[in-house]
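K.L.:
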Amino acid sequence: MTATGTENQNRPDLRALFLGFSSVGLSGFGGVLPFARRMLVEEKRWMSSEEFNTQLGLCQFLPGPNVINLAVVVGKRYQGVAGAIVAPLGLLAGPFAIVLLLALLYDRYGSLPIAQSMLRGIAAVGCGLLFAMAWRMGTALKDKSVFLPFTVLTVAAIAWLRWPLPSVMIAGLLLSGGVAYWKLGRK
Amino acid sequence: MSLAGELFREFALLSFVAFGGATALLPEMHRVVVENHHWLDDTTFTHLYAIAQAAPGPNVLVVTLIGWEVAGLLGALAATLAMCLPMSVLIYLLIDRWESFSGKRWQKAISLGVAPLAVGLVFSGATLIAKSAGLGWAAWLLVGATVVANLRTKLHPLWFIAVGAALGLLGLV
Numbered sequence: 001m002t003a004t005g006t007e008n009q010n011r012p013d014l015r016a017l018f019l020g021f022s023s024v025g026l027s028g029f030g031g032v033l034p035f036a037r038r039m040l041v042e043e044k045r046w047m048s049s050e051e052f053n054t055q056l057g058l059c060q061f062l063p064g065p066n067v068i069n070l071a072v073v074v075g076k077r078y079q080g081v082a083g084a085i086v087a088p089l090g091l092l093a094g095p096f097a098i099v100l101l102l103a104l105l106y107d108r109y110g111s112l113p114i115a116q117s118m119l120r121g122i123a124a125v126g127c128g129l130l131f132a133m134a135w136r137m138g139t140a141l142k143d144k145s146v147f148l149p150f151t152v153l154t155v156a157a158i159a160w161l162r163w164p165l166p167s168v169m170i171a172g173l174l175l176s177g178g179v180a181y182w183k184l185g186r187k
Numbered sequence: 001m002s003l004a005g006e007l008f009r010e011f012a013l014l015s016f017v018a019f020g021g022a023t024a025l026l027p028e029m030h031r032v033v034v035e036n037h038h039w040l041d042d043t044t045f046t047h048l049y050a051i052a053q054a055a056p057g058p059n060v061l062v063v064t065l066i067g068w069e070v071a072g073l074l075g076a077l078a079a080t081l082a083m084c085l086p087m088s089v090l091i092y093l094l095i096d097r098w099e100s101f102s103g104k105r106w107q108k109a110i111s112l113g114v115a116p117l118a119v120g121l122v123f124s125g126a127t128l129i130a131k132s133a134g135l136g137w138a139a140w141l142l143v144g145a146t147v148v149a150n151l152r153t154k155l156h157p158l159w160f161i162a163v164g165a166a167l168g169l170l171g172l173v
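Chains G and P supply the protein sequences, listed in that same order. Residue numbers in the first sequence follow the numbering used here, run continuously in steps of one, and reach 187 at the last position. Residue numbers in the second sequence follow the numbering used here, run continuously in steps of one, and reach 173 at the last position.
1) According to the Cβ coordinates, are G/P95 and G/G25 closer than 9 angstroms?
2) Going along chain G, which residues have a C-beta under 9 angstroms from P/E69?
3) Apart from the five residues just before and just after G/N69, which ones in its own chain have a Cβ nearer than 7 angstroms to its Cβ?
4) Quick test of the definition: if touching needs 3 or more C-beta pairs under 8 angstroms, does the segment 124-139 of chain P touch the segment 111-128 of chain G?
5) Hey, is P/S2's beta-carbon within less than 9 angstroms of any beta-carbon in chain G?
6) Kindly list, in the order they appear in chain G, the residues whose Cβ is closer than 8 angstroms to that of P/S124.
7) Just reading off the alpha helix (DSSP H) that G/S145 is part of, what are its end residues?
8) With 9 angstroms set as the bound, which would you pick, yes or no: does the beta-carbon of P/F11 sit closer than that to a beta-carbon of chain C?
9) Taking 9 angstroms as the cut-off, decide whether the C-beta atoms of G/V99 and P/T46 are in contact.
10) For chain P, check one thing: does any of its Cβ atoms lie closer than 9 angstroms to the Cβ of G/M39?
11) Note down, in chain order, each residue of its chain lying with its Cβ closer than 6 angstroms to the Cβ of P/A82, except the 5 sequence neighbours on either side.
12) Could you tell me which chain P residues have their CB closer than 7 angstroms to the CB of G/Y181, listed as they occur along the chain?
13) If you run the structure through DSSP and keep just helix, strand and coil, what is P/F16?
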């Protein structure tokens, strides 16, 4: 099923929302946001790319899984409360089932040496993917000389000192956000 | 309180500081689940992260796996819901007002200020996985190769997972 026509405002019903977000949830590995964009903007044309960027703004501003937040926003926009429930459900239902199936397999066969060594290899790769992600996020930072020290402080507090995350985040946000606020005022 | 209830309480609390998504929460989930409550051991925690990497879907599903291992189906549902629900409700209530405060000085300051912290959290998550997986020198080589290849090429992450699984199976890492 492909959207035809050039207007942006195709109004999806609940079923379309569920199915659209299901396809997004099932197509991405290690983050599905790019797939969400492709589905919403290019394939179904439920939003223009400017609309997508604005709405994504709040989704990324607030904590929590960004793409779930995005599903809530898109669902609400087209079908109110019901849409805001159905869209994230569609996003999660398929992957949820797959992950539980894998968990069942793990519970049954996870202790076998062959599974253990396979998972050890995947964990090493997964660890590398995380370092790469941190690197990519780090190089995308603005004003590195000012803000990278806060990254270092966060790593020291969380990975080395093992301080609890909520207090570290609140303190970090006050300091780093405070500096940002001050810098914004000087421009 | 039941295990699932406790999971819900702990993870709902964490969802409020999940800047950078569920990935950024790995160190804190490890603390809650492995260190504080001893619900899982280091090896299982690492394995669950590996399984989540190999499965399709949003990153948040590592939480589902943890919930499952701690308290079965109810635990999986509780943990997933706890991670998604609070912010979903908040965003539902706030989205219509977003236009009016987006671009304000305090809003920009928070966005700018939170970014370096999120980088630190993801980096900490990587060191944590490395530590709890107890990587040997060959595995560290694989980690390094993955970082370089992932940054330099556009290869789909699944290829990396497959290579990792194969090297593991051959007993090389």
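Here a beta-carbon is modelled for each residue, glycine too, at the ideal position from N, C-alpha and C. The structure presented is a predicted model; accordingly, all values stated were derived computationally and were not measured.
P.N.:
Let's see:
1) Yes.
2) Taking a Cβ-Cβ cut-off of 9 angstroms, the neighbours of P/E69 in chain G comprise A103, Y106, D107, given in sequence order.
3) C59, L62.
4) The segment 124-139 of chain P makes contact with the segment 111-128 of chain G; the number of CB pairs closer than 8 angstroms reaches 3 or more.
5) Taking Cβ atoms only, chain G never reaches closer than 9 angstroms to P/S2, which makes this a no.
6) Those within 8 angstroms of P/S124 in chain G are T154, V155, I158, A159.
7) Segment 144-155, the alpha helix (DSSP H) holding G/S145.
8) The structure shown contains no chain C; its protein chains are G and P.
9) Between G/V99 and P/T46, the C-beta spacing is not below 9 angstroms.
10) Residue-level contact check: G/M39 does not touch chain P, since none of the beta carbons of chain P fall below 9 angstroms from its beta carbon.
11) These residues qualify, in order along the chain: F8, F11, A12.
12) Taking the beta carbon of G/Y181 as reference, the chain P residues within 7 angstroms of it are R105, W106, A109, listed in sequence order.
13) Assignment of P/F16 by DSSP, reduced to helix, strand and coil, places it in the coil class.
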